[in-house]
Amino acid sequence: MSTATAEKAPKKIKTSALKPRSFVSWVTFAFMLVAVIGWLFPFWMALANALKTPDDFIQQGPLAWPAHPTFEHIVKFWNDSNFPLKFWNSTWTSLLGAAITVVLGFLTAYAIGIGKIKGRTWILGVFMVAFTIPQEALIYPLYNAAKKLDLYDNLLSIVIIFGVTGVAFSTYLISSVLNEFPGEVLEAAKIDGANAWRMMVDVVLPILRPTLMVITVMVFIYNWNEFLIPLVLLPSNDNQTVSLGIALTVGQWTTEPTARAAAALLGALPSILFFVIFQRSLMRGVTMGSSK
Amino acid sequence: MSAATVSKDVKNKPLKARKSSLEKGKGQYYAYLIPGLLAFTVVIVGSFFFNIYISFTKWNGLGSPRWIGTKNYENLFVDAVFWESFLHAFMFIAAMSIIPTFLGVFVASMLFDYIAPRFGNGAAAFMRAGFYMPQVIPMTITGVIWVWLLNPVSGVINNFLTYGLGVPKEVTPNWLGDENLAIWSLSVIMIWIQIGYTIVIFMSGLSRLDPSLTEAAQLDGATWFQRFRIIILAQLGPEIGVVLLTTMVAALKVFAPVYVMTSGGPGTSTQVPAYFSYFHFFTTHKVGYGAAVATVLSLILTVLAIVILNIQNKQQAKENQR
Numbered sequence: 174m175s176t177a178t179a180e181k182a183p184k185k186i187k188t189s190a191l192k193p194r195s196f197v198s199w200v201t202f203a204f205m206l207v208a209v210i211g212w213l214f215p216f217w218m219a220l221a222n223a224l225k226t227p228d229d230f231i232q233q234g235p236l237a238w239p240a241h242p243t244f245e246h247i248v249k250f251w252n253d254s255n256f257p258l259k260f261w262n263s264t265w266t267s268l269l270g271a272a273i274t275v276v277l278g279f280l281t282a283y284a285i286g287i288g289k290i291k292g293r294t295w296i297l298g299v300f301m302v303a304f305t306i307p308q309e310a311l312i313y314p315l316y317n318a319a320k321k322l323d324l325y326d327n328l329l330s331i332v333i334i335f336g337v338t339g340v341a342f343s344t345y346l347i348s349s350v351l352n353e354f355p356g357e358v359l360e361a362a363k364i365d366g367a368n369a370w371r372m373m374v375d376v377v378l379p380i381l382r383p384t385l386m387v388i389t390v391m392v393f394i395y396n397w398n399e400f401l402i403p404l405v406l407l408p409s410n411d412n413q414t415v416s417l418g419i420a421l422t423v424g425q426w427t428t429e430p431t432a433r434a435a436a437a438l439l440g441a442l443p444s445i446l447f448f449v450i451f452q453r454s455l456m457r458g459v460t461m462g463s464s465k
Numbered sequence: 036m037s038a039a040t041v042s043k044d045v046k047n048k049p050l051k052a053r054k055s056s057l058e059k060g061k062g063q064y065y066a067y068l069i070p071g072l073l074a075f076t077v078v079i080v081g082s083f084f085f086n087i088y089i090s091f092t093k094w095n096g097l098g099s100p101r102w103i104g105t106k107n108y109e110n111l112f113v114d115a116v117f118w119e120s121f122l123h124a125f126m127f128i129a130a131m132s133i134i135p136t137f138l139g140v141f142v143a144s145m146l147f148d149y150i151a152p153r154f155g156n157g158a159a160a161f162m163r164a165g166f167y168m169p170q171v172i173p174m175t176i177t178g179v180i181w182v183w184l185l186n187p188v189s190g191v192i193n194n195f196l197t198y199g200l201g202v203p204k205e206v207t208p209n210w211l212g213d214e215n216l217a218i219w220s221l222s223v224i225m226i227w228i229q230i231g232y233t234i235v236i237f238m239s240g241l242s243r244l245d246p247s248l249t250e251a252a253q254l255d256g257a258t259w260f261q262r263f264r265i266i267i268l269a270q271l272g273p274e275i276g277v278v279l280l281t282t283m284v285a286a287l288k289v290f291a292p293v294y295v296m297t298s299g300g301p302g303t304s305t306q307v308p309a310y311f312s313y314f315h316f317f318t319t320h321k322v323g324y325g326a327a328v329a330t331v332l333s334l335i336l337t338v339l340a341i342v343i344l345n346i347q348n349k350q351q352a353k354e355n356q357r
């Protein structure tokens, strides 16, 4: 499996040389555009209704754009759910977990891809199997261990679990990139007398930095979206993450449709923001290793 | 997958290069394995085997587990809900793997091969991003949005049916609250979530293809649909394999959407293995039973992954022979 294709920028078709557009192509374009708008419709509805007053909702129904847009519900949910704290919980645990995943994965992949150590096929094989194991097959022992180690209801527990559960995946991706690493560069460094550590720091890391950034972004977003592990390990309100907190509080907190929409919108907003900022990295990460 | 490539790489290297990298203190690289493998062994492997041990015991989570042999597994095999949960998981394979793969190949080649050359890359990238959006947002939050959209009284969908299309209020469906309907509603939502992933992977696969192939076909007077069938579909083999594998694994693992939208109900009509296992761990406190469900699920997933990888490797070998 190679990532050479993912590394290259997609072939660009020059915008100046667009093919002629026929009536049929305009119809196709319109059809696709409607499909995309349909795909985004649920988010649009969440936005439109988050900005409505309950009266507005009753009078106009859910489909209309609010007559008097208001941020009242969003502000109320922000305060009542202590959103800034949940945002902070999600941010640092996801980021630290992603950093651990990438560091551990890189070290392992370095031994596999550059060191070409014996048994590397076996290690990658075990990691492939680990990728298929459902979290449910790990969660009770982890829950039990967290309780014994006094890490239950402690955000550090999910950092450790996020960090380690991603290792198989990151090792796999990074070692497939390292397999393609130019041999001449390594030979040259060896002739200069570099040992494994110097070679990693001075030669491999600088070249691999963009790839590692891409993987960090991707793992960060995966961690952010994680549900089962925080659900089991973080019972108290102050330790909840965004994805957990919204799902749990929304039912208990309100049955008011407009307030629910506000909660959902607020929960989705950080992810939409990450997507806009990191779109390129995320797309490269997701497609990394999908072709041989 | 990569195992084959690794060994091939070594063989293809000139003997000299191989020797020099062998001689030059290969032993020092083993140290780099220690942190990752140690963490992996303690947290993942340790938990996994402890879970298998639990599955042979009777335990309510307190005190110590009592060994009961294969009793949990025997009970599982006659538990109708267990079988039902797997039936639903296989429905999710259709909704999360097979249908999104078909639609994804089609939409991706439309965007890459039809929209982009006529309306520019920006238009295609924008549409791709739109389809991908449900993938980025936590499933719990898309779940909350859908519960709200599908609410039988105040929800957007039923309001539209009543006031937009004039369907009488009494006959509008209770999408997530009707036993016969809930699993289908969930399936449609899963298609909505998954399709972005398949589009992104296939579009990246298409950018890898040799454009001269499609151009030659075009000169030969092939229609777009013929080119799609003959060239695109045939060339996307590796991507289709990866997508089928990853999405099938994801389908059998579904947990968060079920937890948020239906809690496995009404009744057991949307029960899935992952939720069934969680339910026994933390609601009925039949921990050994939950562990047995999780172990069976792991086994099925591993076998599935090995089968798909083997099929793919065989096909790859065939292609190489040609």
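Protein chains in written order, with the working numbering: chain D, 174 to 465; chain Z, 36 to 357.
For glycine and all other residues, C-beta sits at the position ideal for the given N, C-alpha and C.
Exercise. What's the gap between the Cα of Gly240 of chain Z and the Cα of Met145 of chain Z?
Worked result: 13 Å
Exercise. With 7 Å set as the bound, which would you pick, yes or no: does the beta-carbon of Val340 of chain D sit closer than that to a beta-carbon of chain Z?
Worked result: yes
For this session: Identify whether Thr294 of chain D lies in helix, strand or coil by the three-state DSSP scheme.
Result: helix
Exercise. From the beta carbon of Lys349 of chain Z, is the nearest beta carbon of chain D less than 7 Å away?
Worked result: no
Exercise. With 7 Å set as the bound, which would you pick, yes or no: does the beta-carbon of Pro136 of chain D sit closer than that to a beta-carbon of chain Z?
Worked result: With chain D running from 174 to 465 in the structure shown, residue 136 of chain D is simply not present.
Exercise. Residues in its own chain within less than 8 Å of Glu274 of chain Z by CB, not counting five upstream and five downstream?
Worked result: Ile236, Phe237, Ser239 and Gly240
Problem set entry | Residues from the segment 249-268 of chain D in contact with chain Z, defined by Cβ distance under 9 Å | none
Exercise. For Thr384 of chain D versus Leu68 of chain Z, is the C-beta spacing smaller than 7 Å?
Worked result: no
Exercise. Does Pro430 of chain D have its Cβ less than 7 Å from a Cβ in chain Z?
Worked result: yes
Exercise. Does DSSP classify Arg243 of chain Z as helix, strand or coil?
Worked result: helix
Exercise. Looking at C-beta atoms only, is the number of pairs between the segment 119-139 of chain Z and the segment 206-226 of chain Z that lie closer than 8 Å three or more?
Worked result: Verdict: yes, contact present.
Exercise. At a Cβ threshold of 7 Å, is Asn86 of chain Z touching chain D?
Worked result: yes
Exercise. If we cut at 7 Å on Cβ distances, does Arg194 of chain D have a partner in chain B?
Worked result: Absent from the structure: chain B. Protein chains present are D and Z.
Exercise. Start and end of the alpha helix (DSSP H) containing Ile168 of chain Z?
Worked result: Rather than Ile, the amino acid found at residue 168 of chain Z in this sequence is Met. Taken as a continuous stretch (DSSP letters only), the alpha helix (DSSP H) holding Met168 of chain Z covers Asn156 to Val171.
Exercise. Beta-carbon separation of Gly270 of chain D and Phe335 of chain D under 7 Å?
Worked result: yes
For this session: Return the CA-CA distance between Gly323 of chain Z and Ala434 of chain D, expressed in angstroms with no decimal places.
Result: Taking the straight line from one Cα to the other gives about 39 Å.
For this session: Can you give me, in chain order, the residues of the segment 234-245 of chain D that have a beta carbon less than 8 Å from any beta carbon in chain Z?
Result: Gly234, Pro235 and Leu236
Exercise. Is there a Cβ from chain Z that is less than 7 Å from the Cβ of Arg371 of chain D?
Worked result: For Arg371 of chain D, no CB of chain Z lies under 7 Å from its own CB, so it is not counted at the interface with that chain.
Problem set entry | Classification of Val293 of chain Z by the beta-carbon crowding that lies within 10 angstroms, buried from 16 upward | Note on Val293 of chain Z: 16 or more other CB atoms within 10 angstroms of its CB, so buried under the neighbour-count rule.
For this session: Report buried or exposed for Gly201 of chain Z, applying the criterion of at least 16 other Cβ atoms within 10 angstroms of its Cβ.
Result: exposed
Exercise. From Ala369 of chain D to Pro379 of chain D, what does the alpha carbon distance come to, in whole angstroms?
Worked result: 15 Å
For this session: Could you pull out every residue in the same chain whose Cβ sits closer than 7 Å to the Cβ of Glu214 of chain Z, ignoring the five residues on either side in sequence?
Result: Pro301, Gly302 and Ser304
Exercise. Anyone know if the C-beta pair for Ile180 of chain Z and Ala437 of chain D falls short of 7 Å?
Worked result: yes
Exercise. So, Gly278 of chain D versus Val377 of chain D, is the Cβ gap smaller than 7 Å?
Worked result: no
Exercise. What's the gap between the Cα of Gly292 of chain D and the Cα of Pro307 of chain D?
Worked result: Straight through space, the alpha carbons of Pro307 of chain D and Gly292 of chain D are spaced by roughly 25 Å.
Problem set entry | Phe311 of chain Z versus Leu216 of chain Z - alpha carbon distance | 20 Å
Exercise. Going along chain D, which residues have a C-beta under 7 Å from Gly288 of chain Z?
Worked result: The residue you asked about is not Gly; residue 288 of chain Z is Lys in the sequence shown. Those are Pro307, listed as they occur along chain D.
For this session: For Ser409 of chain D, count neighbouring Cβ atoms within 10 angstroms of its own Cβ and tell me buried if that reaches 16, exposed if not.
Result: exposed
Exercise. Along the segment 282-298 of chain D, what residues have a CB closer than 7 Å to any CB found in chain Z?
Worked result: Tyr283, Ala284, Gly288, Lys289, Ile290, Arg293, Thr294, Leu297 and Gly298
For this session: Please report the Cβ distance between Ile331 of chain D and Pro257 of chain D, rounded to the nearest whole angstrom; I am assuming they are in contact, meaning their Cβ atoms lie under 8 Å.
Result: Ile331 of chain D to Pro257 of chain D, Cβ: 19 Å. No contact.
Problem set entry | Whether Pro314 of chain D touches Phe85 of chain Z by CB criterion (7 Å) | By the CB criterion at 7 Å, Pro314 of chain D and Phe85 of chain Z fall inside the cutoff.
Exercise. Helix or strand or just coil, what does DSSP make of Thr201 of chain D?
Worked result: helix
Problem set entry | Cut-off 7 Å between Cβ atoms - residues of its own chain near Phe342 of chain D, not counting five sequence neighbours on either side | Phe304
For this session: Out of D:Pro235, D:Glu309 and D:Met391, point me to the one whose CA is closest to Trp183 of chain Z's CA.
Result: D:Pro235
Exercise. Straight-line CA distance for Leu97 of chain Z to Tyr232 of chain Z?
Worked result: Rounded to the nearest whole angstrom, the CA to CA distance from Leu97 of chain Z to Tyr232 of chain Z is 42 Å.
For this session: Tell me whether Thr243 of chain D sits in a helix, a strand or coil according to DSSP, three-state version.
Result: coil
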